[in-house]
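This report refers to the structure that appears directly beneath it.
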Amino acid sequence: MLDPDNGLSLTIARIVQRLKGSSLHSQLERQARISLHKPEIKLESLKEDIKDFLKTSGWEKKLQNAVYSELNVFPSPCHPAAPPEHMKEPLAYMRKAQGSWEKRILKSLNSMCTELSIPLAQKRPVSEQKELLNKWNEMGTDEPDLSLFRPVYAPKDFLEVLTNLRNPNYENGEQPSFRSHLGLIQVPLKVKDIPELKEDFSELGLNIGQLGIDDSAQVPPEFFENEHVRVGQKVLAEQDSAAAQQYVRQGCPTALRADLWALILNISNQPEDILYYEQLKSNVIQHDLLVDSLIYKDVKLTASNDDYYFVFEDYLYQVLLCFSRDTSVLEHFTYSSATPPKSYIRGKLGMEEYAVFYPPNVAPLCFLYHEPSKLYQMFREMYVRFFFRLHSISSHPSGIVSLCLLFETLLQTHLPQLFYHLREIGAQPLRISFKWMVRAFSGYLATDQLLLLWDRILGYNSLEILAVLAAAVFAFRAVNLMEVTSLAAAEAVLADLSTLKVMPLLQIFLFATVT
């Protein structure tokens, strides 16, 4: 075990090292130099006077937010003697499974390249560059022939890999308690039970005001909403990331959500951020990657046919194409079980193979941000902080394996009759709910409900609420599901989630379930 004092020292050293290379560090230095010319800065108390200046001018708060963001993103430091791969994923069999999955994806991409005689990356002709630049804001009108391009993998392919995961230490059934788990996921990971979830999500309690609840016995909804908006405005005025994260656990008022999310994720959209986005755009214009066609096809098959998101088709292309060129995303590999392909490291363009992992979760953010550079930053931060965990194999509590196990455990423990019934008719619940969780419910819930759900993901810095909601949906439709006799019939009962209200479902499942 790592000594707490040593752990704190390592954490401080790591944060200092990371911030030294940031634009915030150079801005702080510049502000400190400017302060030297102010009459209130005295030589005999130079250090304290500069500290006071940085505090009163708001720079101390910006530094606090940057530190808080680092603490939220990066895991606690490992023991100094632990090998580097332990920071990515401590369990060897998980690392091996992730490596095999990556090889399978790369093989699929390479075979597609060979079949279609298309390189992974090539420079666009000048005429094509000009054409793309001219239609940058209306790429949705383009109708390229993508019939020969096939998706690299579907959710059911990924689920199949997860269901075949085994811990070699337990192959002989040495853990009797785990043998009683009758779901598809057969790895012995620790997941929370209802009492632990109640404690973690205590702000969702039945006696606490929530946005997204139409009626409450405690407080009239309009009174709570007005007061909640007032507090939200105060949080924004203070520009405190930690306070904002605590605040959104009870939901974000629509008018404040964009600014509150940006504050939590420490996004400011400075001139250098806008310039960086323009550089990524320039890379898209100049170079054609194989994944560009895969992105086009994915957007055409999903968002273009969605009643909520089709209007944002152009934004989706812009953000995802830029994301596929963004080498700063490499940083998240230090705490992800995934590994970037070697061609990414060698080439400036990077992401050509890795980009197949991107989640189609950018669309809901289009409702909040209309500046492409800010929309892009928000998506990138949501991905490297949360969504990458839904597309890689790991033992992390917010990883997709743990979420699947948490969902199955909640259902088997608290709705055993329903669980056994569905299992007996060949309709394992996870085969239905997996696609919801792997997409963080994007494309399944109504947009206002999805944003209320994502408020809580940001507020609790965890994806575990996805598994809880998936179980709550089954509980809500339990009566109908008990009558079905096939997987197809069960899927039909759960085909449309667009009328569901997220917060009542979560509250009832967590706080009205007998434990």
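If you use the numbering used here, the sequence shown corresponds to residues 326 to 840, in order.
Yeah, the Cβ is synthetic: ideal placement off N, Cα and C, and Gly gets one too.
Computed from a prediction, not measured in an experiment: that's the story for all the values here.
If I'm right that residue i touches residue j with Cβ under 8 Å, what's the distance once you round it to whole angstroms?
| i | j | result |
| --- | --- | --- |
| asparagine 591 | serine 566 | 6 Å |
| phenylalanine 704 | leucine 690 | 6 Å |
| glutamine 423 | glutamate 410 | Going by Cβ atoms, the distance from glutamine 423 to glutamate 410 rounds to 11 Å, so no, they are not a contact pair. |
| glycine 534 | glutamine 575 | 6 Å |
| leucine 783 | isoleucine 589 | 5 Å |
| glutamate 427 | threonine 664 | 6 Å |
| leucine 778 | leucine 794 | 7 Å |
| serine 436 | tyrosine 478 | That pair is no contact at about 13 Å. |
| serine 720 | methionine 412 | About 13 Å; that fails the 8 Å criterion. |
| glycine 557 | leucine 581 | 5 Å |
| alanine 765 | phenylalanine 712 | 6 Å |
| histidine 553 | proline 520 | Contact doesn't hold; Cβ gap of about 28 Å is too wide. |
Just to confirm my understanding: we take residue i, look at its own chain, exclude 5 residues before and 5 after, and list those with CB closer than 8 Å. What are they?
| i | result |
| --- | --- |
| leucine 471 | Ser618, Tyr621, Lys622 and Lys625 |
| isoleucine 510 | Leu487, Thr488, Leu490, Val726, Cys729, Leu730, Glu733 and Leu755 |
| glutamate 463 | Asp639 |
| alanine 391 | Leu344, Ser347, Leu349 and Asn591 |
| asparagine 594 | Ala587, Glu696, Ser698, Lys699 and Gln702 |
| tyrosine 642 | Met464, Gly465, Ile620, Tyr621 and Val624 |
| leucine 615 | Leu434, Met437, Cys438, Ile443, Pro444, Leu445, Ala446 and Glu677 |
| asparagine 492 | Leu416, Tyr418, Val512 and Pro513 |
| serine 811 | Ile750, Gly751 and Ala752 |
| leucine 323 | It is not possible to answer for residue 323, since the shown part of the chain is limited to 326 through 840. |
| aspartate 631 | Ala688 and Gly768 |
Do residue i and residue j have their C-beta atoms within less than 8 Å of each other?
| i | j | result |
| --- | --- | --- |
| leucine 693 | alanine 583 | yes |
| serine 723 | isoleucine 599 | no |
| tyrosine 769 | phenylalanine 399 | no |
| proline 476 | lysine 760 | no |
| leucine 379 | glutamine 342 | no |
| arginine 573 | leucine 561 | Rather than arginine, the amino acid found at residue 573 in this sequence is valine. No. |
| alanine 817 | isoleucine 757 | no |
| phenylalanine 801 | leucine 831 | no |
| glycine 508 | glutamine 742 | no |
| alanine 628 | alanine 688 | yes |
| asparagine 459 | asparagine 786 | no |
| histidine 612 | arginine 449 | yes |
| leucine 791 | methionine 762 | yes |
Suppose the cutoff is 6 Å on Cβ atoms and the five residues either side in sequence are ignored; what does the same chain contact list for residue i look like?
| i | result |
| --- | --- |
| tyrosine 640 | Cys691 |
| serine 465 | For the sequence presented, residue 465 should be read as glycine rather than serine. Contacts found: Glu638 and Asp639. |
| aspartate 482 | none |
| tyrosine 708 | none |
| glutamate 354 | none |
| alanine 796 | Phe732, Leu735 and Leu736 |
| isoleucine 337 | none |
| tyrosine 634 | Ala628 and Ala688 |
| glutamine 564 | Lys386 |
Buried or exposed for residue i, going by 16 or more other Cβ atoms inside 10 Å?
| i | result |
| --- | --- |
| glycine 751 | exposed |
| arginine 339 | exposed |
| phenylalanine 682 | Bear in mind that the predicted position of phenylalanine 682 carries a pLDDT of just 37, short of 50, making it too unreliable to give a figure here. |
| asparagine 532 | exposed |
| methionine 807 | exposed |
| lysine 517 | buried |
| glycine 383 | exposed |
| serine 394 | buried |
| serine 452 | exposed |
| valine 804 | exposed |
| phenylalanine 799 | buried |
| serine 360 | buried |
| leucine 747 | buried |
| histidine 362 | exposed |
| tyrosine 745 | exposed |
| serine 767 | buried |
| serine 334 | exposed |
| glutamate 597 | exposed |
| lysine 308 | An answer regarding residue 308 cannot be provided, because it is not within the stretch 326 to 840 covered by the chain. |
| leucine 536 | buried |
| phenylalanine 526 | buried |
| leucine 371 | exposed |
Got a sec? Which residues, its chain only, sit under 7 Å from residue i by beta carbon, not counting five neighbours each side?
| i | result |
| --- | --- |
| tyrosine 602 | Cys647, Pro697, Ser698 and Tyr701 |
| alanine 568 | Val560 |
| serine 662 | Lys413, Glu414, Met419, Arg420, Gln423, Ser717, Ile718 and Ser719 |
| glutamine 389 | none |
| aspartate 374 | Glu365, Ile366 and Lys367 |
| threonine 381 | none |
Determine whether the Cβ of residue i lies closer than 8 Å to any Cβ atom of chain B.
| i | result |
| --- | --- |
| methionine 437 | No chain B appears in this structure, which consists of one protein chain only. |
With a floor of 3 residues, list each beta strand (DSSP E) that falls wholly inside the region 608-639, ordered by position along the chain. Counting only runs of 3+ residues, the beta strand (DSSP E) found wholly inside the region 608-639 occupies 612-614, in chain order.
Entirely enclosed alpha helix (DSSP H) segments - the region 699-755, minimum 4 residues: As far as the region 699-755 is concerned, its whole alpha helix (DSSP H) runs of at least 4 residues are 725-739 and 741-749.
Starting from the N-terminal side, write out each stretch of the beta strand (DSSP E) that is 3 residues or longer and does not extend beyond the region 465-530. Taken in chain order, the region 465-530 contains no complete beta strand (DSSP E) segment of 3 residues or longer.
Inside the region 390-446 only - alpha helix (DSSP H) runs reaching at least 4 residues: Complete alpha helix (DSSP H) runs here, min 4: 410-413 and 417-441.
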